[in-house]
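Peer 1: Before we start, here is the structure in question, set down as C-alpha cells.
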Amino acid sequence: MAFNLATILRESARTHPQHPALLFDGSVVSYAELDAASDRFAVGLLARGLVPGDVVGLQLPNVPQFVVAYFGILKAGCVVVPMNVLFKAGEIGYILADSGARMLITWAGAAEEAAKGAADAGVQGLVVLNPPGTPPAGVGRPFEQLLANPVPGRPPLHQTDPGDTAVIVYTAGTTGRPKGAELTHFQLFMNADTPGRLFGARDDDVALVVLPLFHVFGLAVLVNVFTRFAATMSLLPRFEPAKVLEAVQRDRVTVFMGVPTMFVTLNGQPDKDSYDLSSLRLCVSGGAPIPAEVIDEFERTFGVVILEGYGLSETAATVTFNVSEQERRIYSVGKPIYGVEVEIWDEQNEVLPPGQEHVGEVVVRGIDVMQGYHGKPEATAEVFTDGWFRTGDLGYVDEDGFFFVVDRKKDLIIRGGYNVYPREIENVLCTHPAVAQAAVVGVPDELLGQEVKAYLELRAGLRATEDELIQFVKERVASYKYPRSVEFREHLPINAAGKIVKREL
Numbered sequence: 036m037a038f039n040l041a042t043i044l045r046e047s048a049r050t051h052p053q054h055p056a057l058l059f060d061g062s063v064v065s066y067a068e069l070d071a072a073s074d075r076f077a078v079g080l081l082a083r084g085l086v087p088g089d090v091v092g093l094q095l096p097n098v099p100q101f102v103v104a105y106f107g108i109l110k111a112g113c114v115v116v117p118m119n120v121l122f123k124a125g126e127i128g129y130i131l132a133d134s135g136a137r138m139l140i141t142w143a144g145a146a147e148e149a150a151k152g153a154a155d156a157g158v159q160g161l162v163v164l165n166p167p168g169t170p171p172a173g174v175g176r177p178f179e180q181l182l183a184n185p186v187p188g189r190p191p192l193h194q195t196d197p198g199d200t201a202v203i204v205y206t207a208g209t210t211g212r213p214k215g216a217e218l219t220h221f222q223l224f225m226n227a228d229t230p231g232r233l234f235g236a237r238d239d240d241v242a243l244v245v246l247p248l249f250h251v252f253g254l255a256v257l258v259n260v261f262t263r264f265a266a267t268m269s270l271l272p273r274f275e276p277a278k279v280l281e282a283v284q285r286d287r288v289t290v291f292m293g294v295p296t297m298f299v300t301l302n303g304q305p306d307k308d309s310y311d312l313s314s315l316r317l318c319v320s321g322g323a324p325i326p327a328e329v330i331d332e333f334e335r336t337f338g339v340v341i342l343e344g345y346g347l348s349e350t351a352a353t354v355t356f357n358v359s360e361q362e363r364r365i366y367s368v369g370k371p372i373y374g375v376e377v378e379i380w381d382e383q384n385e386v387l388p389p390g391q392e393h394v395g396e397v398v399v400r401g402i403d404v405m406q407g408y409h410g411k412p413e414a415t416a417e418v419f420t421d422g423w424f425r426t427g428d429l430g431y432v433d434e435d436g437f438f439f440v441v442d443r444k445k446d447l448i449i450r451g452g453y454n455v456y457p458r459e460i461e462n463v464l465c466t467h468p469a470v471a472q473a474a475v476v477g478v479p480d481e482l483l484g485q486e487v488k489a490y491l492e493l494r495a496g497l498r499a500t501e502d503e504l505i506q507f508v509k510e511r512v513a514s515y516k517y518p519r520s521v522e523f524r525e526h527l528p529i530n531a532a533g534k535i536v537k538r539e540l
C-alpha cells in the first residue's frame with residue numbers, strides 16, 4: 036500500500052482545476068497552477084540530488100511559495116521541517132543538524148542568519164526566495180531555479196508508505212532544546228479529513244490564513260484541511276488586526292482560525308464595526324486555552340460562533356473539537372475526534388472519573404499521535420506510558436464526555452500546599468473591563484513555596500490599579516488563589532504563533 040499526503044492537492048486540482056487555491060496580495064493561484072508549480076519544484080529537488088527520505092527545512096512566511104515548496108517536497112518523497120522565520124543562526128543550525136536536513140529553503144529576510152545556521156550544520160543546499168522588487172540575498176540558489184525544470188512524463192508523486200514520516204514539527208522548546216515530532220502521511224491526512232468534515236469544510240469556503248504556516252496549527256488545520264476540500268486560502272504574512280478585517284471584507288472570508296491573542300486583539304480593535312464581516316460563518320480557536328470572556332465578547336461583537344479545539348504538535352494538531360454551535364459545550368475543547376481516545380489520569384496513572392473536581396493529566400492515544408521524537412528514543416519513552424501519550428496538560432472531563440483543559444502541568448502553582456491553576460485566575464482577570472490580556476505565574480516564596488503573581492496588559496485608553504485588580508479577583512475566588520501582586524506591561528510577550536510566553540515573565 037502506498038499513500039502520499041500530496042494526493043490531497045493532486046485530487047483537488049483534478050476536480051477543481053480552475054478554482055482559486057490561494058489569494059495573496061491581489062494575485063490568484065488556481066488549484067491547477069498550484070499543482071503544476073509543486074510538480075516542477077519536486078523535479079527541481081530531485082534534479083539537485085535529493086532522494087526520497089531526505090529532510091528539507093522550510094523557512095518561509097505565509098506566501099504562495101511556502102505552499103508550492105511544501106507540496107513539492109512531499110511529492111519528491113522528502114520530509115518537510117517547517118521552521119520559524121524569526122529564528123537566529125544558532126536555532127536554525129540546531130534544527131538542521133538535529134533533523135539531518137540536506138537542504139534549507141528560506142527567504143531574503145532571513146538569508147543571513149539562515150546561511151550561518153546552514154554552514155554550522157554542514158548543510159550546503161541553501162535556496163533563497165527573493166520577493167519581487169528586492170535585491171538578491173547574495174547567498175544560496177534562487178527559489179525560482181527549482182521551478183525552472185520541465186516535468187518529464189508523469190508528474191512526480193513518490194509512492195511513500197502511509198506510515199512514512201511526512202513532516203517533522205519541532206516543539207517550542209519551553210523545557211530545554213526543541214524536539215522534532217515525526218508525523219506521518221496518514222496521520223496528517225486523517226487530521227485534514229476528519230476535522231474538515233466535523234466543521235463542514237466546503238469548496239466554496241474562503242479561509243483566512245494568518246496563523247504562521249511553520250506552526251502545526253497553520254500547516255495541518257489550515258493548509259491541509261482546506262486543500263483536502265478544495266477551498267480557497269487567503270494568505271496574510273502577519274497578524275495585523277486592521278489587515279485581517281480588511282481581508283475578511285475584501286475576500287469574503289467564511290472561516291477564520293486563530294489563537295486566543297488574535298481574538299483578544301480583534302475584540303479591542305476600535306473601528307471593527309466599520310467592516311462588513313457578514314461572510315464569516317465560523318471561527319476556530321486553538322493553540323492555547325481561550326478565556327471565556329474573550330469568547331463571549333467576540334460572539335456578541337461579531338455575531339459568529341467560536342468553536343474551540345485542542346491539540347499539540349505531537350498529535351498532528353487535533354485531539355478534540357467542538358463540532359458545531361448546536362452540539363458544542365461552550366468553554367470546553369470538545370470531544371475526541373474519530374480514531375482518538377482521551378483520558379484523564381491521576382499521579383498513579385489511574386483513570387479519574389468525570390467531574391470538575393477530578394483534575395488530572397490529559398493522555399491521548401490513536402491515529403493522530405506522533406511516531407516519536409526524531410532521533411530521541413529516551414525523550415520519546417518519557418512521554419509514553421503503555422501506548423498513551425502524556426500531554427503535560429491538566430484537565431477534566433464532564434459527564435457528557437466534553438473535555439476541559441485547565442492548564443499546563445508545569446504551570447501549576449502550589450501555594451502553601453494548595454493547587455492554583457493560572458488559567459482560572461487569568462479568566463477572572465479578563466472579565467475586568469480594563470484588562471486585555473493576563474498571564475498568571477508562580478513566584479518563589481520562602482513561607483508558602485510559591486506565591487501568585489499576575490502580569491497584565493490593559494486595553495487602550497483604560498486604567499486600573501494593582502489594588503483594584505487584586506480586590507477584583509479576591510471577591511471571585513477562594514482566598515488562596517488571588518494574586519498578591521500585579522505587574523503591568525505595555526505588551527505581554529508572545530511568540531510567532533501568538534501564544535503568551537510565560538517563561539519570559
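Heads up: take any position in the sequence shown, counting from 1, add 35, and you land on our numbering. For glycine and all other residues, C-beta sits at the position ideal for the given N, C-alpha and C. Just so we're clear, the structure is a prediction, and the values are computed from it rather than from any experiment.
1. Any idea what DSSP makes of V258, helix, strand or coil?
2. Taking DSSP's pairing of strands, which residues face N454 in a bridge?
3. Measure the C-alpha to C-alpha separation of A242 and T267 and round it to an integer number of angstroms.
4. Taking the Cβ atom as the reference point for each residue, do V478 and Y517 lie within a distance shorter than 8 Å?
5. When the Cα of L81 is compared with those of P190, V102, Y129, G144, which residue comes out closest?
6. Ignoring anything shorter than 4 residues, give me the alpha helix (DSSP H) runs that lie fully in the region 191-271, in order along the chain.
7. Could you tell me if E359 is buried or exposed, where buried requires 16 or more neighbouring beta carbons within 10 angstroms of its beta carbon?
8. Counting pairs of Cβ atoms below 8 Å between the region 391-402 and the region 425-437, do you hit three or more?
9. Using the C-alpha atoms, what's the distance from V294 back to C318?
10. Going by the DSSP bridge assignment, what does T355 pair with across the sheet?
11. Could you check what DSSP says for Y129 in three-state terms: helix, strand or coil?
12. Let me confirm a value: G157 is counted as buried when at least 16 other C-beta atoms fall within 10 Å, else exposed. Which label applies?
13. Taking C-alpha atoms, which residue in G125, V64, G430, V78 lies nearest to K370?
14. With a cut-off of 8 Å, do at least 3 Cβ pairs link the region 66-85 to the region 278-287?
15. Output yes or no for whether 8 Å exceeds the beta carbon distance between A474 and K537.
16. What's the gap between the Cα of G422 and the Cα of V470?
17. Just curious, the alpha helix (DSSP H) that R425 is in, first and last residue?
18. Does F523 come out as helix, strand or coil in the three-state DSSP assignment?
19. Quick check on T300: does DSSP put it in helix, strand or coil?
20. Helix, strand or coil for K444? Go by DSSP, reduced to three states.
21. With A473 as the anchor, note down where its beta strand (DSSP E) starts and where it stops.
22. Just how far apart, CA to CA, sit T209 and S62?
23. In its own chain, which residues sit with a C-beta less than 7 Å from the C-beta of R458, not counting the 5 before and 5 after it?
24. Between R450 and L464, what straight-line distance do the alpha-carbon atoms span, to the nearest angstrom?
25. What residue does the beta strand (DSSP E) around Q94 start on, and which one ends it?
26. Can you give, in chain order, each stretch of the alpha helix (DSSP H) that sits fully within the region 68-113 and has at least 4 residues?
27. Could you tell me whether the Cβ atoms of L223 and A201 are closer together than 8 Å?
28. Note down the Cα distance separating L248 from L347, rounded to an integer number of angstroms.
29. Would M118 and I130 qualify as a contact pair, given that the criterion is a beta-carbon distance under 8 Å?
30. Ordered along the chain, which non-local residues of its own chain (more than five positions away) have a Cβ less than 7 Å from that of R353?
31. Suppose contacts are defined by Cβ-Cβ distances below 8 Å. Is L93 in contact with F106 by that definition?
32. I need the straight-line Cα distance from Y310 to E275, nearest angstrom please.
33. In whole angstroms, what separates the C-alpha of Y408 from that of A154?
34. Within its chain, find whatever has a CB closer than 6 Å to the CB of P96; leave out the 5 residues flanking it on each side and keep chain order.
35. Using the C-alpha atoms, what's the distance from L246 back to F532?
36. Indicate whether R237 and I43 have their beta-carbon atoms separated by less than 8 Å.
Peer 2: In brief:
1. The residue you call residue 258 lines up with position 223 of the sequence shown. Note: V258 maps to helix in three-state DSSP.
2. Here the question's residue 454 lines up with position 419 in the sequence shown. N454 pairs with I449.
3. Sequence index remark: in the sequence shown, residue 242 carries index 207 (1-based). Sequence index remark: in the sequence shown, residue 267 carries index 232 (1-based). Their Cα atoms are separated by approximately 6 Å.
4. For the purposes of this step, residue 478 is taken as residue 443 along the sequence shown, with counting starting at 1. For the purposes of this step, residue 517 is taken as residue 482 along the sequence shown, with counting starting at 1. The answer is no: Cβ separation not under 8 Å.
5. In the sequence shown, counting from the first residue as 1, residue 81 sits at position 46. Among P190, V102, Y129, G144, the Cα nearest to that of L81 is on P190.
6. 220-233, 260-263
7. Numbered from 1 along the sequence shown, position 324 holds the residue referred to as residue 359. The question names Glu, yet the displayed sequence has Ser at residue 359. So S359 counts as exposed.
8. yes
9. Here residue 318 refers to the residue found at position 283 of the sequence shown. Here residue 294 refers to the residue found at position 259 of the sequence shown. Distance between the alpha carbons of C318 and V294: 10 Å.
10. Reading the sequence shown from its first residue, position 320 is the one you call residue 355. DSSP output for T355 lists Y345, P371 as bridge partner(s).
11. One-based indexing of the sequence shown puts residue 129 at position 94. Residue state, collapsed to three classes: helix.
12. Along the sequence shown, one-based indexing puts residue 157 at 122. Exposed, because fewer than 16 other Cβ atoms sit within 10 Å of the Cβ of G157.
13. Walking along the sequence shown from the start, residue 370 turns up at place 335. When only C-alpha atoms are compared, the closest one is G430.
14. no
15. Along the sequence shown, read from residue 1 onward, the residue named residue 474 stands at position 439. Along the sequence shown, read from residue 1 onward, the residue named residue 537 stands at position 502. Yes, Cβ-Cβ distance for A474 and K537 is below 8 Å.
16. In the sequence shown, residue 422 corresponds to position 387, counting from 1. In the sequence shown, residue 470 corresponds to position 435, counting from 1. Each residue's alpha carbon lies about 42 Å from the other.
17. Taking the sequence shown and counting its residues from 1, the one referred to as residue 425 is at position 390. Not the alpha helix (DSSP H): R425 falls in the beta strand (DSSP E), residues 423-432.
18. Looking up residue 523 in the sequence shown gives position 488. Three-state DSSP puts F523 in a strand.
19. Residue numbering aside, residue 300 sits at position 265 when the sequence shown is read from its first letter. Helix.
20. Residue 444 sits at position 409 when you count from the first residue of the sequence shown. Here K444 sits in helix by DSSP.
21. By one-based count along the sequence shown, residue 473 stands at place 438. Per DSSP, A473 belongs to the beta strand (DSSP E) from 470-480.
22. One-based indexing of the sequence shown puts residue 209 at position 174. One-based indexing of the sequence shown puts residue 62 at position 27. A caution first: T209 carries a pLDDT of 48, below 50, which makes its placement in the model unreliable, though a value can still be read off. Answer to the nearest angstrom: the Cα atoms are 38 Å apart.
23. Here the question's residue 458 lines up with position 423 in the sequence shown. Hits under 7 Å: P324, V441, D442.
24. Residue 450 sits at position 415 when you count from the first residue of the sequence shown. Residue 464 sits at position 429 when you count from the first residue of the sequence shown. Computed Cα separation, rounded: 19 Å.
25. To locate residue 94, count along the sequence shown from 1; it is residue 59. Run containing Q94: none; DSSP gives neither H nor E here.
26. 99-110
27. In the sequence shown, the residue the question calls residue 223 occupies position 188. In the sequence shown, the residue the question calls residue 201 occupies position 166. A contact, by the Cβ cut-off of 8 Å.
28. Along the sequence shown, read from residue 1 onward, the residue named residue 248 stands at position 213. Along the sequence shown, read from residue 1 onward, the residue named residue 347 stands at position 312. Using only the alpha carbons, I get a separation of about 15 Å.
29. Taking the sequence shown and counting its residues from 1, the one referred to as residue 118 is at position 83. Taking the sequence shown and counting its residues from 1, the one referred to as residue 130 is at position 95. Against a cut-off of 8 Å, the Cβ pair of I130 and M118 comes out as a contact.
30. In the sequence shown, the residue the question calls residue 353 occupies position 318. The sequence given here places Thr at residue 353; Arg does not occur at that position. N226, P230, V256, G344, G346, I372, D403, listed in sequence order.
31. The count along the sequence shown starts at 1 and reaches residue 93 at position 58. The count along the sequence shown starts at 1 and reaches residue 106 at position 71. Cβ distance not < 8 Å, so L93 and F106 don't count as in contact.
32. To locate residue 310, count along the sequence shown from 1; it is residue 275. To locate residue 275, count along the sequence shown from 1; it is residue 240. Rounded to whole angstroms, Y310 to E275 spans 15 Å at the Cα level.
33. The residue labelled residue 408 in the question sits at position 373 within the sequence shown. The residue labelled residue 154 in the question sits at position 119 within the sequence shown. Their backbone Cα atoms lie some 24 Å apart in a straight line.
34. For the purposes of this step, residue 96 is identified with residue 61 of the sequence shown, where counting begins at 1. Only V120, P272 meet the Cβ criterion.
35. Here residue 532 is taken as the residue at index 497 of the sequence shown, counted from 1. Here residue 246 is taken as the residue at index 211 of the sequence shown, counted from 1. The sequence given here places Ala at residue 532; Phe does not occur at that position. Rounded to the nearest angstrom, the two C-alpha atoms are 7 Å apart.
36. On the sequence shown, residue 237 is found 202 positions in, with the first residue counted as 1. On the sequence shown, residue 43 is found 8 positions in, with the first residue counted as 1. Against a cut-off of 8 Å, the Cβ pair of I43 and R237 comes out as no contact.
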